[in-house]
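Numbering (UniProt numbering), first residue to last: 1 to 364.
Remarks on the structure that follows.
Laid out in structure tokens, this is it:
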């Protein structure tokens, strides 16, 4: 009797999930067609002809991601290496993709759905030497000479900004007591904007940012931009069906489950969480960890008195944050240390039931 072919299945958390390979009832083909169409639709020439964007004047920052990144005066170019192919695996109600595919899809969604929000999205997708394709976006920066720091440097992210103001705080004399207040006010304004952007993304796309740290918050003048979107999850509707878009490397997924941080585990989750409070609190914790002690205390006081933000303090472990904040700056920039200062279960102790020890002493 001839053997019948068995359908390939995979078990996840005790439940069998059908893996539909490249076909996915046409879903795989639909995604590939859509991704290719983005690149063809946006297929303009990269703006590298001007002296401001000439490739030999651009810098290549250190990056742990697999992206090739070039930062020029007016533009930033990000993309995969030559020969790259999209890695897509379609399941019943979720789709696993590689970070490059995730970045292209979610930035396209933001460009279409939320073009005016302070959230990173490309201006152009273009062919470029050394790339499979390049996402060209704005080169975000804040001129610190115009920001009460006395510095002639440029900050590209909130992390850069904090490092510079920390150095400046050390030189503040008694004639400038309000300088730390100005810094704290600026930070609070950015935190409000970050949380608002994350809320809009969650409402529109059930979006989760899974690399919450200050380095992913870019500065466009005094405006803060939520960025670096290759390590995220969101929901996509294809025809009449919803799919959860999540990352898919088996090796990385296994490592995350064994010893990964909560944000690393979130990258592979196949359902959205009930809220986005965890990543909002983690971004806030990352900012607080990096700040000079005096500015940090002012920012915490302002968060407590801010009706839009005060609830986040309930999820931040201030005792742990105070200990971690004493570490060298370079040792507290990552998302892991920030997320370890956030707890979604533990609450501060409080009670309306009071027993006085003075009564016991009087009775004796």
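The C-beta atom is built at its ideal place from N, Cα and C for all residues, glycine as well.
Of the residues the options, the one placed nearest residue i, counting alpha carbons only
i           : options               : result
residue 78  : 116, 41, 126 and 40   : 126
residue 85  : 132, 160 and 95       : 132
residue 214 : 44, 96, 163 and 350   : 163
residue 200 : 181, 226 and 188      : 226
residue 245 : 233, 239 and 252      : 233
residue 276 : 182, 222, 223 and 207 : 207
residue 135 : 182, 240, 228 and 170 : 228
residue 32  : 238, 330, 264 and 157 : 238
residue 212 : 349, 198 and 310      : 198
residue 27  : 40, 94 and 156        : 94
residue 142 : 349, 219, 103 and 89  : 219
residue 158 : 194, 123 and 171      : 194
residue 74  : 358, 243 and 156      : 156
residue 296 : 209, 169, 265 and 88  : 169
residue 343 : 37, 321, 80 and 329   : 321
residue 47  : 111, 124, 274 and 114 : 124
residue 92  : 241, 35, 57 and 311   : 241
residue 309 : 330, 294 and 189      : 189
residue 274 : 347, 106, 90 and 202  : 202
residue 144 : 356, 269 and 221      : 221
residue 324 : 287, 299 and 312      : 287
Exposure of residue i, with buried meaning 16 or more beta-carbon neighbours within 10 Å
i           : result
residue 108 : buried
residue 137 : buried
residue 255 : exposed
residue 267 : buried
residue 248 : buried
residue 216 : buried
residue 319 : exposed
residue 129 : exposed
residue 231 : buried
residue 283 : buried
residue 314 : exposed
residue 103 : buried
residue 354 : exposed
residue 263 : buried
residue 186 : buried
residue 22  : With a pLDDT of only 48 at residue 22, under 50, the local geometry of the prediction cannot be trusted, and the value read off the model is given with reservation. Residue 22 should be labelled exposed.
residue 387 : Residue 387 cannot be examined here, being either before or after the span of the chain that is shown, 1 to 364.
residue 70  : buried
residue 60  : exposed
residue 45  : exposed
residue 358 : exposed
residue 328 : exposed
residue 350 : exposed
residue 289 : buried
residue 312 : buried
residue 82  : exposed
As assigned by DSSP and simplified to three states, the class of residue i
i           : result
residue 75  : strand
residue 85  : coil
residue 289 : helix
residue 95  : strand
residue 24  : Bear in mind that the predicted position of residue 24 carries a pLDDT of just 48, short of 50, making it too unreliable to give a figure here.
residue 185 : helix
residue 29  : helix
residue 318 : helix
residue 330 : helix
residue 340 : coil
residue 295 : helix
residue 155 : strand
residue 354 : coil
residue 134 : strand
residue 303 : helix
residue 162 : helix
residue 108 : helix
residue 36  : helix
residue 142 : strand
residue 313 : helix
residue 123 : coil
residue 180 : helix
residue 59  : strand
Heavy atom of the ligand HEM within 7 Å of residue i beta-carbon
i          : result
residue 77 : Here there are no bound small molecules, and the ligand HEM is not part of this structure.
Chain D within 8 Å of residue i, Cβ atoms only
i          : result
residue 64 : Among the chains of the structure shown, chain D does not appear; only one protein chain is present.
Where in the stretch 190-275 do unbroken runs of the alpha helix (DSSP H), each at least 4 residues long, occur, reported from the N-terminal end onward? 250-259 and 262-266, all fully within the stretch 190-275.
Within 8 Å, do at least three Cβ pairs link the stretch 63-79 to the stretch 92-101? Yes, the stretch 92-101 touches the stretch 63-79.
Taking 8 Å as the threshold, find out whether the stretch 111-121 comes into contact with the stretch 178-186 through three or more Cβ pairs. Here the stretch 111-121 does not lie against the stretch 178-186, with fewer than 3 beta-carbon pairs under 8 Å apart.
Evaluate the contact criterion for the stretch 303-312 versus the stretch 324-339: three or more CB pairs, one atom per stretch, below 8 Å. No, the stretch 303-312 is not in contact with the stretch 324-339.
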